[in-house]
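There are 2 protein chains.
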Amino acid sequence: MALIVMKFGGTSVRDTKRIYNAAGIAARTFNNGDDVVMVVSAQGDTTDMLLEKAEEITRAPSLREMDVLLSSGEQQSMALMAMALGELGVPAVSLTGWQAGFQTNRAYGSARIKNLDTERLAAELDKRRIVVVAGFQGINRYDDITTLGRGGSDTSAVAIAAALNADRCQIYTDVDGIYTADPRIVPSAKKLQAISFDEMLELATLGAQVLNNRSVELAKKYGVELEVLSSISPAGGTIVREVLEMNEGMLIQGVAKDTKVAVVTILDVPDVPGVSFKIFSLVGQKRINVDIILQATGREGNKDIIFTVPAADADTVRGLLAENLPRFGGRDVSVTTDVAKVSIVGAGMQSHPGVAARLFEALADENINIRMVSTSEIKISVIIDAADADRAVRAIHDAFMEDVGR
Amino acid sequence: MALIVMKFGGTSVRDTKRIYNAAGIAARTFNNGDDVVMVVSAQGDTTDMLLEKAEEITRAPSLREMDVLLSSGEQQSMALMAMALGELGVPAVSLTGWQAGFQTNRAYGSARIKNLDTERLAAELDKRRIVVVAGFQGINRYDDITTLGRGGSDTSAVAIAAALNADRCQIYTDVDGIYTADPRIVPSAKKLQAISFDEMLELATLGAQVLNNRSVELAKKYGVELEVLSSISPAGGTIVREVLEMNEGMLIQGVAKDTKVAVVTILDVPDVPGVSFKIFSLVGQKRINVDIILQATGREGNKDIIFTVPAADADTVRGLLAENLPRFGGRDVSVTTDVAKVSIVGAGMQSHPGVAARLFEALADENINIRMVSTSEIKISVIIDAADADRAVRAIHDAFMEDVGR
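Protein sequences appear in the order of chains A and B. Quick note, the first sequence lines up with residues 3 to 408 if you use this note's numbering. Quick note, the second sequence lines up with residues 3 to 408 if you use this note's numbering.
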């Protein structure tokens, strides 16, 4: 007898048919003798509908009240799911975030789980019921409702799996696993049977449709084995876990593309100590994530400082730096969002020095210009023109074809 | 400085415009220096929409899960209301049933309030915030969500007013008060300035569109003064309170019609002791409310037992009695729902013996046949053919015109 946590996202519960599909998956596992906790998101476009209602009321809603509003969506889908399970003859009970024991910090809209009090959850499982938990929500120390932000239901599921020491945490979604590249760009992309947490985190842009980074981090921290699979054809998804079997070959797990990136260039900054610190502490204060950083020699002993930030922060960074340009003596600031980051990810990469060369060759053959390069132990990323991105993904995937996936 | 509890029903919060209208009423009172608790229902047809979703899933939903589902509607409207108040520059906070301290028994779908822990409510009022409370809901001792059943938001509002010793409990709705008769039937119907709790309870069918009996009973029990008024033009509604000023004239507060009634006749029951007890304990076991009871002499020393029940229970009663007819020796059971109950209500009635005669005269002039009569200290009810009901209401209202309302 195992304990399985199953998370069903918004599309997987969007209407009565899908609710019954999900309920059927859970019921089969339950009837096999396993204990089951289901974590559900709000139905299909419920959240969008609620956001619209709030938008009609005000453009600057209270974050606290927004969480009260949005959390009602999961409450509805969990009740409907429990009713469907009942109709299938399976004993079930639904629990909201606070009923399930999710205690968070007070950050409305992006709360972090501080504690999960599993007393009620465990008691319901002891009664041999499927427990349907509202994802995405908890309460803070003031007994106020909070939500966990984007991908919050994944995080809820992983937290429950960790706290109850579940045998597996299954993420049911509308794709059937993690692929070596986006199949819409690379038709020959292969589904991965397994991937490590670190690789999954680096492949964030591939997994973003499926797995939120926060939930992967949490799963890694608590050693929760994740399985990403389709709620329509649940066989054979992708498993995300700590240690993969060793494998002789050089392993590339996937090729990912991120077009939501901006390149910031500060021209002719005096080459004196402390100037980089000034710039990046300024950007850091605004909680903006800097990714790749590059310094180039500029004119007359000056240097150019080039770095990437999320495209969403481009305007903020531009304004911030323009305003403070005198403080670090730069000549000009330019920002472009007309770029893309293409990355290859794989744990075996570091011990195979030829990887970067093969990547560069593949891009050169396609006449694609590389603006910036960044490497880590399990990743190589290049910044290229946005227009070249899909072609680059295909070229790289082809070049590593034999080594991609496992 | 006063404490005012304001309840806004589903139509009064059905869209952004109505939400702002309600928020404006509360904000004006708040800005005058008063403390305000708002109790809100689910928006317009939200509850119907949720019922439809549940109906799609199953015809026999778990009552517990139904309460989880339905209570989300009030949670949404309270959040939107708090946002609107914020936009109007008024500090506000929304509280669900459990956050507001509503502890109920475990009767899902029709729970009774056992206790109202006002700690949080009082703390929020102390911070000079408008507190927006979700009507209709609470939690039971298992920390499970319950709903209070029909008219539940009125009950929530009265309970808060009682527990906080509020100066007034205002019920905002889409009519502007309680009338001496339904204005759609009697165009000359007058709005009552005030009415006593007992009269209001007897006028249930007039007030049903506006005030639920349970909330009036609760208000009477705790001496909470109610005010029924329109959320569109809030001036001069009807006040419902314990003792009205004495008034010399004979006072009829209103003429009410109830078409949701059934007359049950059991023919030729042997006239022996205990037979009535058998019949009515049988009906009582099914929790069916018997209203008017009449015994008539039947054939050969037998008697006919005639009584009224809610039309909704007609089939149940018919089946129950037919099945048990041998037990009390009756000859036949007949049930008709083609009747109406028309009542006049007024506290001054008892000391004016001519009232019944005037009522009968008014009906006789209209050639309306009276099937049954029932009187209480403040009410006279007649059962007549359903087809005559509206004509009867008009005739009676006209007959008492000078004495109706105050």
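Ideal Cβ placement from N, Cα and C applies to all residues, glycine included.
Close Cβ partners of residue i (< 6 Å) along its chain, the five nearest in sequence each way excluded
i, result
"leucine 327 of chain B", "none"
"glycine 11 of chain B", "Ser43, Thr175"
"arginine 243 of chain A", "Glu227"
"glycine 46 of chain A", "Gly12, Arg16"
"alanine 164 of chain A", "Tyr224, Val226"
"alanine 364 of chain A", "Ala397, Ile398, Ala401"
"alanine 358 of chain A", "Ile382"
"glycine 303 of chain B", "Asp273"
"valine 70 of chain A", "Ile147"
"valine 7 of chain A", "Val39, Ala159, Ile162, Ala163, Ala168, Cys171"
"tryptophan 100 of chain A", "Ile141"
Neighbour flag for residue i against chain B, beta carbons, 8 Å
i, result
"lysine 129 of chain A", "no"
"glutamate 67 of chain A", "yes"
"isoleucine 132 of chain A", "no"
"serine 155 of chain A", "no"
"glutamine 78 of chain A", "yes"
"alanine 81 of chain A", "yes"
"threonine 18 of chain A", "yes"
"serine 14 of chain A", "no"
Selection from the options that minimises the alpha carbon distance to residue i
i, options, result
"isoleucine 255 of chain A", "A:Val39, A:Ala206, A:Asp340", "The amino acid at residue 255 of chain A is misidentified as isoleucine; the sequence shows glutamine. Checked all of A:Val39, A:Ala206, A:Asp340; the closest Cα to glutamine 255 of chain A is A:Ala206."
"leucine 220 of chain A", "A:Lys55, A:Thr310, A:Phe199", "A:Phe199"
"phenylalanine 362 of chain A", "A:Phe282, A:Val344, A:Gly348", "A:Val344"
"methionine 83 of chain B", "B:Asp315, B:Ser190, B:Val335, B:Thr98", "B:Thr98"
"valine 375 of chain B", "B:Thr299, B:Ala349, B:Glu404, B:Ala342", "B:Ala342"
"isoleucine 290 of chain A", "A:Asn117, A:Lys305, A:Arg320", "A:Arg320"
"isoleucine 187 of chain A", "A:Ala125, A:Phe138, A:Val212, A:Val257", "A:Val257"
"threonine 318 of chain A", "A:Thr182, A:Asp293, A:Lys288", "A:Lys288"
"leucine 123 of chain A", "A:Ser233, A:Ala94, A:Asn107, A:Leu322", "A:Ala94"
"threonine 261 of chain A", "A:Pro312, A:Gln139, A:Asp334, A:Glu201", "A:Pro312"
"alanine 113 of chain A", "A:Gly151, A:Arg143, A:Glu126", "A:Gly151"
"isoleucine 346 of chain B", "B:Glu204, B:Gly75, B:Phe32, B:Val292", "B:Glu204"
"threonine 310 of chain A", "A:Val384, A:Met403, A:Val277, A:Ala28", "A:Val384"
"leucine 323 of chain B", "B:Val335, B:Gly75, B:Leu52", "B:Val335"
"lysine 222 of chain B", "B:Met202, B:Ser378, B:Ser14", "B:Met202"
"valine 41 of chain B", "B:Gln139, B:Ala125, B:Gly111, B:Arg143", "B:Gln139"
Any C-beta of chain A under 8 Å from that of residue i
i, result
"alanine 44 of chain B", "no"
"glutamate 89 of chain B", "yes"
"leucine 2 of chain B", "A query on residue 2 of chain B cannot be resolved here, the shown segment of chain B reaching from 3 to 408 and no further."
"alanine 28 of chain B", "no"
"isoleucine 21 of chain B", "yes"
"aspartate 176 of chain B", "no"
"serine 74 of chain B", "yes"
"threonine 377 of chain B", "no"
"threonine 120 of chain B", "no"
Neighbourhood of residue i by C-beta, 8 Å cutoff - its chain only, sequence neighbours within 5 removed
i, result
"threonine 240 of chain B", "Gly179, Ile180, Lys193, Leu194, Gln195, Ala196, Ile197, Glu229, Val230, Leu231"
"isoleucine 370 of chain B", "Ile386, Asp387, Asp390, Arg393, Ala394, Ala397"
"alanine 109 of chain B", "Thr148"
"proline 185 of chain A", "Ala191"
Residue i beta carbon near the ligand SAM (any heavy atom closer than 7 Å)
i, result
"asparagine 117 of chain B", "Absence of the ligand SAM from the depicted structure is noted, as is the absence of any ligand whatsoever, leaving it without description."
Cut-off 7 Å between Cβ atoms - residues of its own chain near residue i, not counting five sequence neighbours on either side
i, result
"threonine 338 of chain B", "Ala264, Val265"
"aspartate 156 of chain A", "Lys9, Ile173, Leu213, Asn214, Ser217"
"isoleucine 295 of chain A", "Phe309"
- Segments assigned alpha helix (DSSP H), at least 4 residues, entirely inside the stretch 204-269 of chain B: Within the stretch 204-269 of chain B, the complete alpha helix (DSSP H) runs of at least 4 residues are 206-209, 215-224.
- Message: Short of 8 Å Cβ to Cβ, which residues in the stretch 51-64 of chain A face chain B?
- Response: So the list reads Leu52, Lys55, Ala56, Glu58, Ile59, Thr60, Ala62, Pro63, Ser64, given in the order they occur along the chain.
- Segments assigned alpha helix (DSSP H), at least 4 residues, entirely inside the stretch 92-133 of chain B: Taking only runs of at least 4 residues, the alpha helix (DSSP H) segments lying wholly in the stretch 92-133 of chain B are 121-128.
- Message: Along the stretch 84-112 of chain A, where does the CB come closer than 7 Å to a CB of chain B? Name the residues.
- Response: The stretch 84-112 of chain A vs chain B, Cβ under 7 Å: Ala84, Met85, Ala86, Gly88, Glu89, Ser96, Gln101.
- Item | Contiguous alpha helix (DSSP H) assignments of at least 4 residues, all confined to the stretch 17-58 of chain A | Listed in chain order, the complete alpha helix (DSSP H) runs (minimum 4 residues) inside the stretch 17-58 of chain A are 18-33.
- Task: Using a Cβ-Cβ cut-off of less than 7 Å, list which residues of the stretch 134-151 of chain A approach chain B; keep chain order.
- Result: The stretch 134-151 of chain A vs chain B, Cβ under 7 Å: Asp145.
- Message: Restricting to runs no shorter than 3 residues, where is the beta strand (DSSP E) found entirely within the stretch 130-178 of chain B?
- Response: Entirely contained in the stretch 130-178 of chain B, the beta strand (DSSP E) runs reaching 3 residues are, in chain order, 132-136, 139-141, 147-149, 170-175.
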